[in-house]
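Quick mapping for you: the protein sequence lines, in order, are chains A and B. Residue 1 is where the first sequence starts when you use our numbering, and the numbers rise one by one after that. Residue 1001 is where the second sequence starts when you use our numbering, and the numbers rise one by one after that.
Number of protein chains: 2
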Amino acid sequence: MNTQQISEIFKSKGLKRTPQRIAVYKFLKENPIHPDALTVYEKMVESNPSFSKTTVYNCLQTLCDCGLLIPVNIDKDKIRFDADTSFHGHFKCTKCGDIYDFQCTESNVCGIEGFETLQKDVYYSGICKRCKE
Amino acid sequence: MNTQQISEIFKSKGLKRTPQRIAVYKFLKENPIHPDALTVYEKMVESNPSFSKTTVYNCLQTLCDCGLLIPVNIDKDKIRFDADTSFHGHFKCTKCGDIYDFQCTESNVCGIEGFETLQKDVYYSGICKRCKE
DNA sequence: AATTAAATTGTAATCATTACAAATTAGTGT
DNA sequence: ACACTAATTTGTAATGATTACAATTTAATT
């Protein structure tokens, strides 16, 4: 996904197109590793040493607010982020710490009568295939 | 649930029966409000002023480890706890902050081939019935 | 009652996240 | 191209949940 495409997306969402915001979103789109803020920050600093940690938090928050990112709250101590906003489940391997996506159709998950559900998260944890071998 | 019953449960799990641990578990069993550690601590201190916050954390951890409690990681900033260990979903109202249980049969949720799933969590958020009215 | 390993306590440290204010910049209009 | 304004970025300091740790106490056993 190139900068031009991201610019268009930001424009359609009414977001200012700052280099920092574009870089964060580009990284998330190209690296579906569900990174946390610190991981994003360390990557950003590589190409722009003056990139601020606060900016990372600001960008991630903004991108979540406008629906371009999904926060993945599967860790106890930090929030991860996912640029794939289609509905799917997240599996965390407690051994290697990696997050895996898995298919999980929304209709398989039940809801509550009279409640307005705005977000649905399905989190599994256990041992991944690689760690079992 | 009385102290005698809890004593039996702890005994069967090989847990020491300390007054603090019993008090924490009793509170969780009798108050299905999915409290966080601070809420539990404040309640404990009411009847025992020397109750330590660390003890609350220790007890909650131990009770989770032996399967008597389920950690509910639906908040971004803190962990809640649930003494109902049967499989069900959790709904968080973003307006009032309350957590609601909802029925959610395990078979409705899909998994991943070759992965060993040890824990399954289904978290919804949105507006609860009361806040909508 | 003595013993011992585990639990409790209080304090200090850790670490992700947020608050805040000053400097910078993107987008708009001239 | 230039000026303007509101939004964004930056750096530092604060917050708050959780953990580390060492000394004291205690549950369970001999």
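Here a beta-carbon is modelled for each residue, glycine too, at the ideal position from N, C-alpha and C.
Measuring only the C-alpha atoms, how far is residue i from residue j?
i       : j       : result
B/E1106 : B/Y1124 : 15 Å
A/M44   : A/V56   : 9 Å
A/K101  : A/H34   : According to the sequence displayed, residue 101 of chain A carries Asp and not Lys. About 10 Å.
A/I127  : B/P1071 : 18 Å
B/L1038 : A/N2    : 46 Å
B/N1008 : A/F87   : The question names Asn, yet the displayed sequence has Glu at residue 1008 of chain B. Going by the C-alpha atoms only, they are around 44 Å apart.
A/T119  : A/K129  : Reading off the sequence, residue 119 of chain A comes out as Gln, not Thr. Approximately 28 Å between the Cα atoms of the pair.
A/G97   : A/P32   : 14 Å
B/E1046 : B/V1040 : 10 Å
A/I6    : B/F1010 : 56 Å
B/G1111 : A/F115  : 26 Å
A/E30   : B/E1030 : 48 Å
B/D1077 : A/T117  : 21 Å
B/Q1004 : B/N1073 : 30 Å
B/N1048 : B/E1042 : 10 Å
Check for me: the beta strand (DSSP E) holding residue i runs from which residue to which?
i       : result
B/T1085 : Note, B/T1085: premise wrong, no beta strand (DSSP E); not H, not E.
B/P1019 : Where B/P1019 is concerned, there is no enclosing beta strand (DSSP E), although the alpha helix (DSSP H) it sits in stretches over 1019 to 1030.
B/I1099 : 1099 to 1102
Over what stretch of residues does the alpha helix (DSSP H) that includes residue i continue unbroken?
i       : result
A/D121  : Not the alpha helix (DSSP H): A/D121 falls in the beta strand (DSSP E), residues 116 to 127.
B/V1056 : 1053 to 1065
B/V1072 : Counting along the chain, B/V1072 falls outside any alpha helix (DSSP H), though it belongs to the beta strand (DSSP E) covering 1070 to 1072.
B/S1135 : The requested residue 1135 of chain B is not part of the displayed model; chain B covers only 1001 to 1133.
A/K43   : 37 to 47
What residue from the options has the CA that sits closest to residue i's CA?
i       : options                            : result
A/E14   : A/S47, A/M1, A/L68                 : One point to set straight first is that residue 14 of chain A is Gly, not Glu, in the sequence displayed. Ranking A/S47, A/M1, A/L68 by Cα distance to A/G14 puts A/L68 first.
A/D121  : A/C131, A/E133, A/C104, A/K76      : A/C104
A/S50   : A/C110, A/P19, A/P32               : A/P19
B/D1036 : B/E1046, B/N1048, B/S1047, B/K1053 : B/K1053
A/N58   : A/K16, A/E30, A/E113               : A/K16
B/E1161 : A/C110, A/F115, A/K132, A/G97      : Residue 1161 of chain B is absent from the structure shown; chain B starts at 1001 and stops at 1133.
A/D75   : A/I99, A/Q5, A/S86                 : A/I99
A/V109  : B/T1085, B/E1030, B/G1089, B/I1006 : B/G1089
B/L1028 : B/T1085, B/D1077, B/E1116          : B/T1085
Within 8 Å, do at least three Cβ pairs link the segment 1073 to 1081 of chain B to the segment 85 to 105 of chain A? no
Could you tell me whether the segment 17 to 27 of chain A touches the segment 52 to 64 of chain A, using the rule of 3 or more Cβ pairs below 8 Å? yes
What residues in the segment 62 to 94 of chain A bring their beta carbon closer than 7 Å to a beta carbon of chain B? N73, K76, I79, F91
If contact means a Cβ-Cβ distance below 9 Å, which residues of the segment 1111 to 1129 of chain B contact chain A? G1111, I1112, E1113, G1114, F1115, E1116, T1117, L1118, Q1119, K1120, D1121, V1122, Y1123, Y1124, S1125, G1126, I1127, C1128, K1129
Check each residue of the segment 99 to 110 of chain A: if its Cβ is closer than 8 Å to any Cβ of chain B, include it; give the result in chain order. Y100, F102, Q103, C104, T105, N108, V109, C110
Which residues of the segment 1039 to 1054 of chain B have a Cβ closer than 8 Å to any Cβ of chain A? Give them in chain order. none
Taking only beta carbons into account, state which residues of the segment 1019 to 1035 of chain B come closer than 9 Å to chain A, listed in chain order. none
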